[in-house]
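Visitor: I have a structure here, written as structure tokens, and I will follow up with some questions on it.
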Amino acid sequence: MRISELEIHEFTYELDDVGTRHGHQGYAPGETLEPPGFVLTIRTADGLEGHYRGFYFVPPMLAQIRMASADLLDRDPLEREEVWQDLWKALRHLDHVGMGPIDVALWDLAGNHYGASVAELLGGTSEPVPAYASTFMADDEGGLDSPAAYADFAETCLDAGYPAYKLHAFGDPDRDVAACRAVAERVGDEMDLMLDPASEYDTYADALRVGRVLDELDFFWYEDPMADGGESTEMNRQLARDLDTPVLGVEHVRGGPFTRANHLAGEALDLVRADAHLDGGITGAMKIAAVAESFGRDVELHVGGPAHLHCMSAIRNTNYYEHGLLHPAGIEWMSAQGFVESPERVNDDGTVPIPDGPGLGVEVDWDFVEARLTNHEVIDEPLVSGLA
């Protein structure tokens, strides 16, 4: 069995009542954002397929997928580990973001070949996984625009069954402290609470000051507060030492299991982020989970999608599936679009089922894709002569 072609469908999503504010997507009544998306299909000569549906960082992902075509065509699609290692080397001068879509599509193809779900191939369980409600960033439009609004929405999420709630708040230390206090006062005895300032704090003093409030409020984690995005091992080490609240990172640092090992060995993290979309696919995410397990730490998967549900089914040292981004206005974010049926169906008890069909167990909504199509290409010959 050999890979005969790659097919890419590019399209746009539609985010109603969403605009861009200070570099973040946020609630904006009457506005519509149309960010790019894509479906990567990897196909064999006998018609076996695997799919990946992408919803962020689309241009660099597609550029690297096209570059990697010479290293994929005519390969055995079931030899995922060898493909992963070859692409890691081939993309060593870059950030490896093209590997995630390729690897996830190969896992989907393998599941379709064997008639088994990715969870089964990973040795995972079929038990649903607990989810936390992950909010939009703050706005000034009557949505998440005050500490009280965050507290009200936390109560709404609690009533919906979520066992945990994460604030993407204002990115301002004083306003974030006020929002965390309001939420903790309202639901702190009933939900695990997290804060993600989205790397908006400019000074260590601000990051430390907010973290000490989270210690007081008994937050479950404190995520990537500093503007360096977690690159500084020394800063993270000091923050982890100075605080009782577990410090979670490094969402914004590429390098897969290797950078995570460096941070953990340097005592610069308490909890570790992994992302099948950005960290080398399902193979990369599972490697990161194994690294974290070897250090006795937990791994938390960043944002949603079916690949993360399958990964969580086979990871012991993880706590919550990130369901979001969520807003009181009921905005349908990109992670739920592009499927015939959204894989992020939250049960009354705040859990999300593992898709049980072959491969990823989800069906691409081709009518949605075709209706919003911006580009289509089939790659059956290498676009470059190789990357090494």
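Per this note's numbering: the sequence shown = residues 8 to 395. Just so it is clear, CB atoms sit at the ideal spot from N, CA and C, and this is done for glycine as well.
State the start and end residues of the unbroken beta strand (DSSP E) segment that holds residue 11.
Guide: Reading the sequence shown from its first residue, position 4 is the one you call residue 11. Where residue 11 is concerned, the enclosing beta strand (DSSP E) stretches over 10-19.
Visitor: State buried or exposed for residue 121, treating a residue as buried only when at least 16 other CB atoms are found within 10 Å of its CB.
Guide: Residue mapping note: residue 121 aligns to position 114 of the sequence shown, counting from 1. With fewer than 16 Cβ atoms within 10 Å of its Cβ, residue 121 is classed as exposed.
Visitor: Express the C-alpha separation of residue 99 and residue 389 in angstroms, rounding to a whole number.
Guide: To locate residue 389, count along the sequence shown from 1; it is residue 382. To locate residue 99, count along the sequence shown from 1; it is residue 92. Their Cα atoms are separated by approximately 19 Å.
Visitor: With which residues is residue 200 paired in a DSSP beta bridge?
Guide: Taking the first residue of the sequence shown as 1, we reach residue 200 at position 193. DSSP lists 172 as partners of residue 200.
Visitor: Taking the alpha-carbon of residue 10 as reference, which of 101, 61, 21, 112 has the nearest alpha-carbon?
Guide: Working through the sequence shown from its first residue, we reach residue 10 at position 3. Out of 101, 61, 21, 112, 112 has the C-alpha closest to the C-alpha of residue 10.
Visitor: Using a 10 Å radius around the Cβ and a threshold of 16 neighbouring Cβ atoms, would you call residue 352 buried or exposed?
Guide: Within the sequence shown, the letter at position 345 stands for residue 352. Result: exposed.
Visitor: Sort 65, 333, 331, 76 by Cα distance to residue 285 and report the nearest one.
Guide: Taking the sequence shown and counting its residues from 1, the one referred to as residue 285 is at position 278. Of the listed residues, the one whose Cα sits closest to residue 285 is 65.
Visitor: Sorted by chain position, which residues of the same chain lie with C-beta nearer than 6 Å to residue 102's C-beta, five sequence neighbours on each side aside?
Guide: In the sequence shown, the residue the question calls residue 102 occupies position 95. If we look at residue 102 and ignore the five residues flanking it on each side, its Cβ neighbours are 261.
Visitor: Let's see if you can read the secondary structure: which residues bound the beta strand (DSSP E) around residue 382?
Guide: Position 375 of the sequence shown holds residue 382. Where residue 382 is concerned, the enclosing beta strand (DSSP E) stretches over 380-386.
Visitor: Rounded to a whole number of angstroms, what is the C-alpha to C-alpha distance between residue 81 and residue 361?
Guide: Indexing the sequence shown from 1 puts residue 81 at position 74. Indexing the sequence shown from 1 puts residue 361 at position 354. Going from the Cα of residue 81 to the Cα of residue 361 covers about 32 Å.
Visitor: Can you find the residues in the same chain that come closer than 6 Å, C-beta to C-beta, to residue 355, ignoring five residues on each side of it along the sequence?
Guide: Position 348 of the sequence shown, counted from the start, is the residue given in the question as residue 355. Once the five neighbours on either side are set aside, the close Cβ partners of residue 355 are 168.
Visitor: According to the neighbour-count rule (16 or more other Cβ atoms, all chains shown, within 10 Å of its Cβ), is residue 294 buried or exposed?
Guide: Stepping through the sequence shown from its first residue, residue 294 is reached at position 287. Result: buried.
Visitor: Skipping 5 residues on each side, what residues in its chain have a beta carbon closer than 7 Å to that of residue 68?
Guide: Within the sequence shown, the letter at position 61 stands for residue 68. Within the same chain, residue 68 has close Cβ partners 61, 104, 105, 108.
Visitor: Buried or exposed: residue 412, going by 16 or more other Cβ atoms within 10 Å of its Cβ?
Guide: As displayed, the chain neither begins before 8 nor continues past 395, which places residue 412 out of reach and without an answer.
Visitor: Using the Cβ count rule (16 or more neighbours within 10 Å means buried), how would you classify residue 36?
Guide: Against the sequence shown, residue 36 aligns to sequence position 29. Label assigned to residue 36: exposed.
Visitor: State yes or no: is the C-beta of residue 45 within less than 8 Å of the C-beta of residue 89?
Guide: One-based indexing of the sequence shown puts residue 45 at position 38. One-based indexing of the sequence shown puts residue 89 at position 82. Not closer than 8 Å, so no.
Visitor: Evaluate the contact criterion for the stretch 362-378 versus the stretch 326-340: three or more CB pairs, one atom per stretch, below 8 Å.
Guide: Contact between the stretch 362-378 and the stretch 326-340 is absent, because fewer than three Cβ pairs lie under 8 Å.
Visitor: Do you know whose CA, among 211, 315, 86, 177, lies nearest residue 33's CA?
Guide: For the purposes of this step, residue 33 is identified with residue 26 of the sequence shown, where counting begins at 1. Closest option to residue 33, Cα to Cα, is 177.
Visitor: Anyone know if the C-beta pair for residue 247 and residue 203 falls short of 8 Å?
Guide: Taking the first residue of the sequence shown as 1, we reach residue 247 at position 240. Taking the first residue of the sequence shown as 1, we reach residue 203 at position 196. Not a contact, by the Cβ cut-off of 8 Å.
Visitor: Look at the Cβ atom of residue 158, then the Cβ atom of residue 201, and state whether they are nearer than 8 Å.
Guide: Against the sequence shown, residue 158 aligns to sequence position 151. Against the sequence shown, residue 201 aligns to sequence position 194. Going by C-beta atoms, residue 158 is not nearer than 8 Å to residue 201.
Visitor: Whole-angstrom Cβ separation of residue 222 and residue 255, contact assumed at under 8 Å?
Guide: Looking up residue 222 in the sequence shown gives position 215. Looking up residue 255 in the sequence shown gives position 248. About 15 Å separates the two Cβ atoms, so there is no contact after all.
Visitor: Measuring alpha carbon to alpha carbon, tell me which of 275, 313, 274 ends up nearest residue 288.
Guide: The residue labelled residue 288 in the question sits at position 281 within the sequence shown. Considering only alpha carbons, the answer is 313.
Visitor: So, helix, strand or coil for residue 259, using DSSP?
Guide: Position 252 of the sequence shown holds residue 259. Residue 259 falls in the coil class under three-state DSSP.
Visitor: Residue 144 by DSSP, collapsed to three states: which one?
Guide: Position 137 of the sequence shown, counting from 1, holds the residue named residue 144. Three-state DSSP puts residue 144 in coil, outside helix and strand.
Visitor: If I measure Cβ to Cβ from residue 282 and keep anything under 6 Å in the same chain, skipping five residues before and after, which residues do I get?
Guide: In the sequence shown, counting from the first residue as 1, residue 282 sits at position 275. Within the same chain, residue 282 has close Cβ partners 309.
Visitor: Give me the residue from 298, 372, 138, 216 with the minimum Cα distance to residue 358.
Guide: Locating residue 358 in the sequence shown gives position 351, where the first residue counts as 1. It is 138 whose Cα lies nearest to the Cα of residue 358.
Visitor: Does the Cβ of residue 321 have 16 or more other Cβ atoms within 10 Å, making it buried, or fewer, making it exposed?
Guide: In the sequence shown, counting from the first residue as 1, residue 321 sits at position 314. Per the 10 Å Cβ criterion, buried.
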